[in-house]
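Under numbering that gives the first Met the number 0, the very last position in the sequence shown is 283; numbers go up by exactly one each time.
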Amino acid sequence: MTEASPAAALYTRPEAFQRERRSIFQSAWLLLSRSALLQEPGDWVAQTLGGWPVFALAGADGTPAAFRNVCRHQGLPLFDTGSGNCGQIRCRYHGWTYDTGGAFVTAPPAVAPPDPANPLHRLERVAAASRHDLLFVHLGASPPPLGETRDPLADAGLDRLIFSGESVTDIDVNWKLVMEQALALPPAGVERRLQWPSLIVDVAQGGMVLHQVVPRAFLRTRIHHHCFGAADPEGVAAEAAALKRGCLAAQAELQRGVVPDLPASLGFLEFRAALRTFDLTGAG
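Written as C-alpha coordinates, this is what we have:
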(Lines of atoms letter the chains of each structure in order from A and count residues from 1; the text may use other names and numbers.)
(Lines give C-alpha, C1' and ligand atoms only; values in the text may rest on other atoms or scores of the structure.)
Protein backbone atom coordinates (compact mmCIF):
# COMPACT_ATOMS: atom_id res chain seq x y z
CA MET A 1 0.00 0.00 0.00
CA THR A 2 1.24 3.50 -0.85
CA GLU A 3 -0.10 7.01 -0.63
CA ALA A 4 -1.89 7.72 -3.90
CA SER A 5 -4.52 9.79 -5.66
CA PRO A 6 -7.50 9.99 -5.49
CA ALA A 7 -7.36 10.84 -1.79
CA ALA A 8 -8.41 8.30 0.81
CA ALA A 9 -11.16 10.69 1.93
CA LEU A 10 -13.09 9.86 -1.25
CA TYR A 11 -13.48 6.32 0.12
CA THR A 12 -14.11 7.13 3.77
CA ARG A 13 -16.15 10.34 4.04
CA PRO A 14 -19.94 10.46 3.54
CA GLU A 15 -19.65 13.85 1.81
CA ALA A 16 -18.03 12.20 -1.22
CA PHE A 17 -20.86 9.68 -1.45
CA GLN A 18 -23.46 12.44 -1.42
CA ARG A 19 -21.72 14.06 -4.38
CA GLU A 20 -21.62 10.68 -6.16
CA ARG A 21 -25.35 10.23 -5.65
CA ARG A 22 -26.03 13.44 -7.56
CA SER A 23 -23.26 13.41 -10.16
CA ILE A 24 -22.67 9.72 -10.96
CA PHE A 25 -25.78 7.74 -10.08
CA GLN A 26 -28.25 10.25 -11.49
CA SER A 27 -26.38 10.46 -14.80
CA ALA A 28 -26.02 6.79 -15.83
CA TRP A 29 -28.15 3.79 -16.71
CA LEU A 30 -28.06 1.36 -13.76
CA LEU A 31 -28.93 -2.32 -13.77
CA LEU A 32 -31.95 -2.95 -11.56
CA SER A 33 -32.96 -6.55 -12.23
CA ARG A 34 -33.10 -9.51 -14.54
CA SER A 35 -36.26 -9.15 -16.61
CA ALA A 36 -37.28 -12.70 -15.64
CA LEU A 37 -38.24 -11.38 -12.20
CA LEU A 38 -40.80 -9.02 -13.76
CA GLN A 39 -42.83 -11.28 -16.04
CA GLU A 40 -46.29 -11.45 -14.42
CA PRO A 41 -48.59 -8.50 -13.63
CA GLY A 42 -47.76 -7.28 -10.14
CA ASP A 43 -44.21 -8.66 -10.04
CA TRP A 44 -41.89 -6.15 -8.37
CA VAL A 45 -38.21 -5.67 -7.60
CA ALA A 46 -36.87 -2.99 -5.22
CA GLN A 47 -33.29 -1.85 -4.70
CA THR A 48 -31.39 1.14 -3.37
CA LEU A 49 -29.07 2.14 -6.22
CA GLY A 50 -26.35 4.61 -5.36
CA GLY A 51 -28.34 5.71 -2.34
CA TRP A 52 -31.57 6.20 -4.35
CA PRO A 53 -34.50 3.89 -3.47
CA VAL A 54 -36.25 2.65 -6.61
CA PHE A 55 -38.55 -0.18 -7.65
CA ALA A 56 -39.92 -1.65 -10.85
CA LEU A 57 -43.29 -3.32 -11.19
CA ALA A 58 -44.93 -5.19 -14.05
CA GLY A 59 -48.21 -3.59 -15.05
CA ALA A 60 -51.45 -5.23 -16.17
CA ASP A 61 -49.95 -6.09 -19.57
CA GLY A 62 -46.71 -7.40 -18.03
CA THR A 63 -44.63 -4.40 -19.10
CA PRO A 64 -42.43 -3.16 -16.24
CA ALA A 65 -42.32 0.48 -15.19
CA ALA A 66 -39.93 1.98 -12.64
CA PHE A 67 -40.64 4.43 -9.84
CA ARG A 68 -38.89 6.07 -6.93
CA ASN A 69 -39.61 3.93 -3.88
CA VAL A 70 -41.20 6.81 -2.00
CA CYS A 71 -44.84 7.27 -0.96
CA ARG A 72 -46.26 10.63 -2.03
CA HIS A 73 -47.89 11.13 1.36
CA GLN A 74 -44.90 11.53 3.70
CA GLY A 75 -41.97 10.26 1.65
CA LEU A 76 -41.70 6.86 3.35
CA PRO A 77 -40.65 3.67 1.51
CA LEU A 78 -43.28 1.51 -0.15
CA PHE A 79 -41.24 -1.69 -0.62
CA ASP A 80 -38.41 -3.32 1.27
CA THR A 81 -35.39 -4.33 -0.77
CA GLY A 82 -36.17 -7.60 -2.56
CA SER A 83 -38.82 -8.91 -4.92
CA GLY A 84 -42.38 -10.24 -4.87
CA ASN A 85 -45.85 -9.83 -6.33
CA CYS A 86 -48.71 -7.52 -5.40
CA GLY A 87 -52.12 -6.51 -6.74
CA GLN A 88 -51.83 -2.94 -5.50
CA ILE A 89 -49.10 -0.82 -3.95
CA ARG A 90 -50.03 0.07 -0.38
CA CYS A 91 -47.91 2.12 1.99
CA ARG A 92 -47.61 0.22 5.28
CA TYR A 93 -47.39 3.42 7.32
CA HIS A 94 -50.54 5.38 6.51
CA GLY A 95 -52.35 3.27 3.93
CA TRP A 96 -52.00 5.36 0.79
CA THR A 97 -52.71 2.93 -2.07
CA TYR A 98 -51.69 3.06 -5.74
CA ASP A 99 -52.44 0.89 -8.75
CA THR A 100 -49.68 -0.95 -10.60
CA GLY A 101 -49.29 2.02 -12.92
CA GLY A 102 -48.44 4.32 -10.01
CA ALA A 103 -51.78 6.21 -9.91
CA PHE A 104 -53.25 7.12 -6.52
CA VAL A 105 -56.30 4.97 -5.70
CA THR A 106 -57.36 5.52 -2.12
CA ALA A 107 -56.32 6.28 1.45
CA PRO A 108 -57.97 6.05 4.90
CA PRO A 109 -60.22 9.08 5.50
CA ALA A 110 -58.00 10.50 8.23
CA VAL A 111 -55.04 10.85 5.86
CA ALA A 112 -56.78 11.07 2.47
CA PRO A 113 -55.82 14.04 0.29
CA PRO A 114 -58.58 16.63 -0.36
CA ASP A 115 -57.94 16.38 -4.12
CA PRO A 116 -57.31 12.69 -4.92
CA ALA A 117 -57.24 13.34 -8.69
CA ASN A 118 -54.26 15.70 -8.39
CA PRO A 119 -51.46 14.27 -10.59
CA LEU A 120 -48.94 15.19 -7.90
CA HIS A 121 -50.24 12.18 -5.94
CA ARG A 122 -48.99 9.78 -8.61
CA LEU A 123 -45.79 7.92 -7.83
CA GLU A 124 -42.72 9.53 -9.37
CA ARG A 125 -41.73 7.55 -12.42
CA VAL A 126 -38.14 7.04 -13.59
CA ALA A 127 -36.87 5.97 -16.99
CA ALA A 128 -36.62 2.22 -17.58
CA ALA A 129 -35.39 0.22 -20.57
CA SER A 130 -34.57 -3.41 -21.30
CA ARG A 131 -31.53 -4.87 -23.00
CA HIS A 132 -30.22 -8.48 -23.03
CA ASP A 133 -33.18 -9.54 -20.82
CA LEU A 134 -32.03 -7.08 -18.17
CA LEU A 135 -33.93 -4.06 -16.86
CA PHE A 136 -31.98 -0.81 -16.47
CA VAL A 137 -33.19 2.42 -14.89
CA HIS A 138 -32.01 6.03 -15.15
CA LEU A 139 -32.68 8.40 -12.27
CA GLY A 140 -31.89 11.66 -14.05
CA ALA A 141 -33.93 14.01 -16.21
CA SER A 142 -33.92 13.51 -20.00
CA PRO A 143 -31.64 10.44 -20.07
CA PRO A 144 -30.00 9.38 -23.32
CA PRO A 145 -31.38 6.24 -24.99
CA LEU A 146 -29.94 3.10 -23.42
CA GLY A 147 -28.67 2.06 -26.85
CA GLU A 148 -26.28 5.04 -26.88
CA THR A 149 -24.35 3.80 -23.86
CA ARG A 150 -21.30 1.55 -24.02
CA ASP A 151 -22.41 -2.10 -23.99
CA PRO A 152 -19.90 -4.70 -22.72
CA LEU A 153 -22.51 -7.39 -23.37
CA ALA A 154 -22.95 -6.60 -27.07
CA ASP A 155 -20.71 -9.42 -28.34
CA ALA A 156 -20.72 -11.62 -25.24
CA GLY A 157 -23.68 -13.85 -26.15
CA LEU A 158 -25.63 -13.41 -22.92
CA ASP A 159 -28.93 -13.80 -24.77
CA ARG A 160 -27.98 -17.39 -25.65
CA LEU A 161 -27.08 -18.46 -22.11
CA ILE A 162 -29.44 -19.91 -19.50
CA PHE A 163 -29.53 -18.39 -16.04
CA SER A 164 -27.82 -20.81 -13.64
CA GLY A 165 -27.96 -19.17 -10.22
CA GLU A 166 -27.43 -16.11 -8.10
CA SER A 167 -25.66 -15.18 -4.88
CA VAL A 168 -25.29 -11.99 -2.87
CA THR A 169 -22.26 -10.54 -1.09
CA ASP A 170 -22.55 -7.71 1.43
CA ILE A 171 -19.37 -5.79 2.21
CA ASP A 172 -19.05 -2.87 4.64
CA VAL A 173 -16.76 -0.87 2.39
CA ASN A 174 -17.00 1.92 -0.15
CA TRP A 175 -18.36 0.89 -3.56
CA LYS A 176 -15.42 2.40 -5.46
CA LEU A 177 -13.05 0.17 -3.55
CA VAL A 178 -15.09 -2.90 -4.54
CA MET A 179 -15.00 -1.86 -8.19
CA GLU A 180 -11.26 -1.19 -8.20
CA GLN A 181 -10.31 -4.36 -6.35
CA ALA A 182 -12.47 -6.47 -8.66
CA LEU A 183 -11.30 -4.80 -11.88
CA ALA A 184 -7.62 -4.88 -10.93
CA LEU A 185 -7.61 -8.52 -9.80
CA PRO A 186 -9.83 -10.64 -12.10
CA PRO A 187 -9.84 -14.44 -11.72
CA ALA A 188 -7.63 -16.48 -14.04
CA GLY A 189 -9.22 -17.36 -17.37
CA VAL A 190 -11.83 -14.59 -17.17
CA GLU A 191 -12.21 -11.54 -19.39
CA ARG A 192 -13.52 -8.87 -17.04
CA ARG A 193 -15.37 -5.89 -18.52
CA LEU A 194 -16.80 -2.69 -17.07
CA GLN A 195 -20.15 -1.07 -17.72
CA TRP A 196 -19.94 2.30 -16.03
CA PRO A 197 -20.51 2.95 -13.25
CA SER A 198 -21.13 -0.23 -11.27
CA LEU A 199 -21.65 -3.33 -13.42
CA ILE A 200 -18.83 -5.85 -13.94
CA VAL A 201 -19.15 -8.49 -16.65
CA ASP A 202 -17.09 -11.70 -16.51
CA VAL A 203 -16.85 -13.56 -19.81
CA ALA A 204 -15.38 -17.08 -19.80
CA GLN A 205 -15.65 -20.22 -21.91
CA GLY A 206 -19.33 -21.22 -22.04
CA GLY A 207 -20.41 -18.95 -19.20
CA MET A 208 -20.84 -15.44 -17.92
CA VAL A 209 -21.28 -13.67 -14.59
CA LEU A 210 -22.78 -10.22 -14.06
CA HIS A 211 -21.54 -8.65 -10.85
CA GLN A 212 -24.13 -5.99 -10.05
CA VAL A 213 -22.37 -3.71 -7.56
CA VAL A 214 -25.04 -1.83 -5.60
CA PRO A 215 -23.83 1.13 -3.51
CA ARG A 216 -26.34 1.31 -0.65
CA ALA A 217 -24.53 3.84 1.56
CA PHE A 218 -21.05 5.30 1.66
CA LEU A 219 -19.67 2.26 3.53
CA ARG A 220 -22.26 -0.36 2.56
CA THR A 221 -22.02 -2.21 -0.74
CA ARG A 222 -24.00 -5.20 -1.98
CA ILE A 223 -22.99 -7.34 -4.96
CA HIS A 224 -25.54 -9.48 -6.80
CA HIS A 225 -23.72 -12.19 -8.75
CA HIS A 226 -25.91 -13.34 -11.67
CA CYS A 227 -24.55 -16.57 -13.20
CA PHE A 228 -25.30 -17.78 -16.73
CA GLY A 229 -24.36 -20.85 -18.76
CA ALA A 230 -21.41 -22.82 -17.43
CA ALA A 231 -20.62 -20.30 -14.69
CA ASP A 232 -20.52 -22.15 -11.35
CA PRO A 233 -22.45 -20.29 -8.64
CA GLU A 234 -20.46 -22.01 -5.87
CA GLY A 235 -17.16 -21.04 -7.48
CA VAL A 236 -18.39 -17.48 -7.91
CA ALA A 237 -19.39 -17.35 -4.24
CA ALA A 238 -15.92 -18.55 -3.21
CA GLU A 239 -14.27 -15.87 -5.36
CA ALA A 240 -16.62 -13.28 -3.85
CA ALA A 241 -15.56 -14.32 -0.34
CA ALA A 242 -11.92 -13.74 -1.29
CA LEU A 243 -12.84 -10.35 -2.79
CA LYS A 244 -14.64 -9.45 0.43
CA ARG A 245 -11.59 -10.25 2.55
CA GLY A 246 -9.38 -8.13 0.32
CA CYS A 247 -11.82 -5.24 0.34
CA LEU A 248 -12.19 -5.22 4.12
CA ALA A 249 -8.41 -5.19 4.55
CA ALA A 250 -8.06 -2.37 2.02
CA GLN A 251 -10.85 -0.33 3.64
CA ALA A 252 -9.03 -0.59 6.98
CA GLU A 253 -5.94 0.86 5.30
CA LEU A 254 -8.02 3.61 3.72
CA GLN A 255 -9.35 4.57 7.13
CA ARG A 256 -5.70 5.22 8.05
CA GLY A 257 -5.28 7.42 4.97
CA VAL A 258 -3.54 4.86 2.75
CA VAL A 259 -4.89 4.08 -0.75
CA PRO A 260 -4.35 0.56 -2.17
CA ASP A 261 -1.61 0.19 -4.77
CA LEU A 262 -3.36 -2.06 -7.31
CA PRO A 263 -2.33 -3.57 -10.67
CA ALA A 264 -3.05 -1.19 -13.55
CA SER A 265 -5.40 -3.43 -15.49
CA LEU A 266 -7.37 -2.01 -18.42
CA GLY A 267 -10.65 -2.11 -16.46
CA PHE A 268 -9.08 -0.48 -13.41
CA LEU A 269 -7.60 2.33 -15.50
CA GLU A 270 -10.91 2.81 -17.33
CA PHE A 271 -12.78 3.09 -14.03
CA ARG A 272 -10.28 5.57 -12.55
CA ALA A 273 -10.39 7.68 -15.73
CA ALA A 274 -14.19 7.85 -15.55
CA LEU A 275 -14.05 8.87 -11.89
CA ARG A 276 -11.72 11.75 -12.70
CA THR A 277 -14.39 13.31 -14.95
CA PHE A 278 -16.44 14.10 -11.84
CA ASP A 279 -15.65 16.59 -9.09
CA LEU A 280 -15.95 14.34 -6.03
CA THR A 281 -13.80 16.50 -3.76
CA GLY A 282 -16.20 19.45 -3.75
CA ALA A 283 -13.29 21.73 -4.62
CA GLY A 284 -14.66 22.93 -7.93
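Glycine residues also receive a C-beta, built at the ideal position from the N, C-alpha and C atoms.
In the three-state scheme derived from DSSP, where H, G and I count as helix and E and B as strand, A7 is classed as coil. Here the stretch 57-72 makes no contact with the stretch 243-254; the two share fewer than three CB pairs at distances below 8 Å. Ranking D201, L134, L242 by CA distance to the CA of A35 puts L134 first.
In the structure shown, V177 adopts helical secondary structure according to DSSP, grouped into three states. Annotation for A216: no residue places its beta carbon closer than 6 Å to its own, counting only its chain and skipping 5 residues before and after. In this chain, the beta strand (DSSP E) harbouring F227 covers 219-228. Here the stretch 170-177 does not lie against the stretch 56-65, with fewer than 3 beta-carbon pairs under 8 Å apart.
Considering only P115, F162, L48, D169, the residue with the shortest C-alpha distance to R244 is D169. Assignment of L119 by DSSP, reduced to helix, strand and coil, places it in the helix class.
A127 and D260 have their C-alpha atoms roughly 37 Å apart.
Distances from the CA of G83 to each of T47, L37, Y92 were compared; the closest alpha carbon is that of L37. Beta-bridge partners assigned by DSSP to T105: T96. Inter-segment contact for the stretch 227-236 and the stretch 43-54 is absent: fewer than three beta-carbon pairs are separated by less than 8 Å. Shown here, A55 sits in a strand according to DSSP, grouped into three states. Excluding its 5 nearest sequence neighbours in each direction, E190 has C-beta neighbours in its own chain below 6 Å: V202, listed in chain order. The alpha-carbon of P76 is positioned some 9 Å away from that of V53. Judged by DSSP in its simplified three-state form, R21 adopts helix.
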